[in-house]
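Asks: Letter 136 of the first sequence, counting from 1, is numbered 741 in this note's numbering, and no numbers are missing.
All residues carry an ideal CB built from backbone N, CA and C; glycine is no exception.
Every value quoted in this text rests on a predicted model; they were computed, and no experiment measured them.
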Amino acid sequence: MVEPLTKVVLNPVQRIIEEKFISLLRSCKSCERLYQIQAQIVTHGLQHNDFVAPSFIATCSRLGRMQHARKLFDQIPEPNTATWNVMFRGYSQNELHRDAVVLFGKLNRAVAMPNCFTFPMIIKSCAKSKGFVEGEEVHCCAAKRGFKLNSFVATSLIDMYSMKGCIEDAYKVFGEMRDRNVVVWTAIINGYISCGDVASGRRLFDLAPERDVVMWSVLISGYIEMKNMVVARELFDKMPNRDTMSWNAMLNGYAANRDVELFEKMFDEMPERNVYSWNGLIGGYVKNDLFSAALESFKRMLVEGHVVPNDFTLVAVLSACSRLGALDMGKWVHVYAESIGYKGNLFVGNALIDMYAKCGVIENAVAVFNCLDRKDIISWNTIVNGLAIHGHAPDALSMFDRMKSEGEEPDGVTFVGILFACTHMGLVKDGFLYFKSMVDDYSTVPQIEHYGCMVDLLGRAGLLDKALSFIRNMPMEPDAVIWAALLGACRIYKNVEIAELALQRLIELEPKNPANFVMLSNIYKDLGKWEDVARLKVAMRDTGFRKLPGCSVIECNDSVVEFYSLDERHSETESIYRVLKGLTVLLRSHGYVPNLTDVAQGI
DNA sequence: CTAGGGTTAG
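#1: Given a threshold of 16 other Cβ atoms within 10 Å of its Cβ, counted over all protein chains shown, does M1004 qualify as buried or as exposed?
#2: Could you check if E739 is buried or exposed, using at least 16 other CB atoms within 10 Å of its CB as the buried criterion?
#3: Figure out for me which residue from D933, F709, E943, P1080 has the closest Cα to the Cα of V966.
#4: Does the distance from the C-beta atom of M834 to that of G858 stay below 7 Å?
#5: Contact check, V973 vs I958 under 8 Å by CB: the rounded distance?
#6: What is the rounded straight-line gap between the Cα of L992 and the Cα of Q1052?
#7: Please name the residue in M692, N795, E1013 whose C-alpha comes closest to that of N986.
#8: Considering only the beta carbon of each residue, do V707 and P659 sit closer than 7 Å?
#9: For L762, count the other beta carbons within 10 Å of its own beta carbon; 16 or more makes it buried, fewer makes it exposed. Which is it?
#10: Go through the stretch 843-899 residue by residue and report every complete run of the alpha helix (DSSP H) that reaches 4 residues or more, in order.
#11: Helix, strand or coil for I621? Go by DSSP, reduced to three states.
#12: With burial defined as no fewer than 16 other Cβ atoms inside 10 Å of the residue's Cβ, what is the status of P845: buried or exposed?
#13: Output the distance between the C-alpha atoms of E901 and W852, rounded to the nearest integer angstrom.
#14: So, is V1190 buried or exposed, given that buried needs 16 or more other C-beta atoms within 10 angstroms?
#15: Where do the ends of the alpha helix (DSSP H) carrying V913 lie?
#16: Which residues bound the alpha helix (DSSP H) around L701?
#17: By the three-class DSSP mapping on this structure, what secondary structure does F752 have?
#18: Quick check on V607: does DSSP put it in helix, strand or coil?
#19: Count the other CB atoms within 10 Å of the CB of T611; is the residue buried (16 or more) or exposed (fewer)?
#20: According to the Cβ coordinates, are H653 and I622 closer than 7 Å?
#21: To the nearest angstrom, how far is the alpha carbon of V891 from that of G780?
#22: Are the beta-carbon atoms belonging to T760 and V788 less than 7 Å from one another?
#23: Rounded to a whole number of angstroms, what is the C-alpha to C-alpha distance between R1183 and G1036?
#24: Can you have a look at N713 and say buried or exposed, based on whether 16 or more other CB atoms are within 10 angstroms of its CB?
#25: Within its chain, find whatever has a CB closer than 7 Å to the CB of F1020; leave out the 5 residues flanking it on each side and keep chain order.
#26: Does the stretch 1121-1131 come within contact of the stretch 1090-1098, defined as at least 3 CB pairs closer than 8 Å?
#27: In the structure shown, what three-state DSSP assignment does N795 receive?
#28: Take the Cβ of V953 as the centre, count every other Cβ of all protein chains shown within 10 Å, and call the residue buried at 16 or more, exposed below.
#29: How would you call Q1109, buried or exposed, if buried means at least 16 neighbouring beta carbons within 10 angstroms?
#30: Rounded to the nearest angstrom, how far is the Cβ of I829 from that of L809, given a contact under 8 Å?
#31: Decide if W689 is buried, meaning its Cβ has at least 16 other Cβ atoms within 10 Å, or exposed.
#32: Compute the Euclidean distance between the alpha carbons of W1135 and Y1129, then round it to the nearest angstrom.
#33: Could you check how far apart the C-beta atoms of G770 and C745 are, in whole angstroms? I think they sit under 8 Å.
#34: In terms of alpha-carbon separation, which member of T1148, V1101, P1116 lies closest to L1132?
#35: Whose C-alpha, out of A931, D894, D916, D873, is nearest the C-alpha of R905?
#36: Any chance you could list the alpha helix (DSSP H) runs of at least 4 consecutive residues sitting entirely within the stretch 927-1011, in chain order?
Here it is as structure tokens:
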């Protein structure tokens, strides 16, 4: 490296070789190949070359090998600015924002100078790694070097200060600019909105000399965020041109606000649909408890969507499967997920665990759990709760031990599963030990759902008086779930006095819920107190609400069918009941006596 | 070689 500059300019052969390496690196798709190319580069002595080195680092970054890139970078005696920048970009693209910021600190003592490409990247990395102190230093550095008026730098600064919640500082950057383009305007509008001040965002929007589709969408999203769909819609109708993203924003807004008709309308009317649109539709149905519709839309997406489902799609679909018990579809999604290599995605992995658990195939849930190469608190909670709900209480408890030994800190959700497992096994004493351990060992303050678990634990163990005094000593006001748990226990143990007390509270808390009346009525019925049954029936009629009949769903031939007791809506009703009758006869011939006390006798 | 707007799990 005696005269690198003249070499580059004067040697056309070397220039061709450099170009060759750069194009090889650009098409490189694996680390093995990368190392082969690197060996060639070294034999040509070009590893520190001003053009080849950045290209090499960029390739490392693309393949997620930033450590490898750094090794080379540290050996370059005087990296040029482009080489520094490509390192920063690599860290940023690999979400190693902290590394970018730290490396930027070393640029001070280097020969190369940061340029207008450097600052936006570093400021973004500061914001992303919450290094706001460093961010301000970088701001000073950029100002000193005369980049105050650069719109790229300003945009990143406005974003950073907004993210920090310092909208005044963001506005100062905005105010000091000379020529503000639409991107800078959008950044400051977005800043106000993300600080919760949509009104100021709106004022700036009205002042802006130019508005494009992004600026419109930012403002609309602001209104959607504050659940003001009316103004969002007004703006949406007024904006001069809409792109798919703006349509999707409206779709998701209506879905989040539980307006099924309007989000379906958005989806139907939008001129172009991408994977976000389909995910919005499917996820919208899931958010609104329309799980069959979610699965139907997913099938429609596969057939006519012209887009490839992604991890977001799979999570929404798996969630619908869990809620419906649609195991076949869930399994299909699992195969599909394997084929696109979901393992890196915890959302999908966790959704799969939940799907198998909720569909009753707990072995598969455990298998998926064990195959995850990374687990988070949600993975552990899903499997612990899945085991607990499925009556594998001892497994739930040993999974809990494994969780602790693998260094995962349990949280409130974990303890819901643990307490549930104790309830299942009637482990009253252990339940109380775990309840105490929440606070003592994990500084997790028990929430109302944990108190609910404890009431259930005591109630199902038949300790109704203890359950009642536990409720009376709760640090918070008991809600309907708590009293309903007690009422349920009263049914099991036929305790009328406590049941009447619980119902009284329940009528105060949810006067519209007929299920509570039904529960007490069933207790009277069990004890043959028919006058009381009749009295309650009148009381319930006076509320004007009827209990919705419970409905079951079953997955059959790729679709989900729902049915009620004595349902005759299905087109194959006759054959279904014929089979059912046959099964009953078969069961009776083996000595089975059906328990019909609860059937067709409800109020 | 740079900037502003999207969806996911217990």
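Replies: This is what the structure gives:
#1: buried
#2: buried
#3: D933
#4: yes
#5: 5 Å
#6: 22 Å
#7: E1013
#8: no
#9: buried
#10: 849-861, 865-874, 880-892
#11: helix
#12: exposed
#13: 21 Å
#14: exposed
#15: Counting along the chain, V913 falls outside any alpha helix (DSSP H), and DSSP gives it neither H nor E.
#16: It is not in any alpha helix (DSSP H) - L701 carries neither H nor E in the DSSP assignment.
#17: coil
#18: For V607, the predicted model reports a pLDDT of 45, less than 50, meaning its position is unreliable and no value from the coordinates is stated.
#19: Because the pLDDT of T611 is 48, which lies under 50, any placement of that residue in the model is unreliable, and the question is left without a value.
#20: no
#21: 44 Å
#22: yes
#23: 47 Å
#24: exposed
#25: Y1039, M1043, T1049, H1055
#26: yes
#27: helix
#28: buried
#29: exposed
#30: No, I829 and L809 are not in contact; Cβ-Cβ is about 18 Å, not under 8 Å.
#31: buried
#32: 7 Å
#33: Between C745 and G770 the Cβ distance is about 20 Å, and since that is not below 8 Å, they are no contact.
#34: V1101
#35: D873
#36: 932-944, 951-963, 967-976, 982-994, 998-1010
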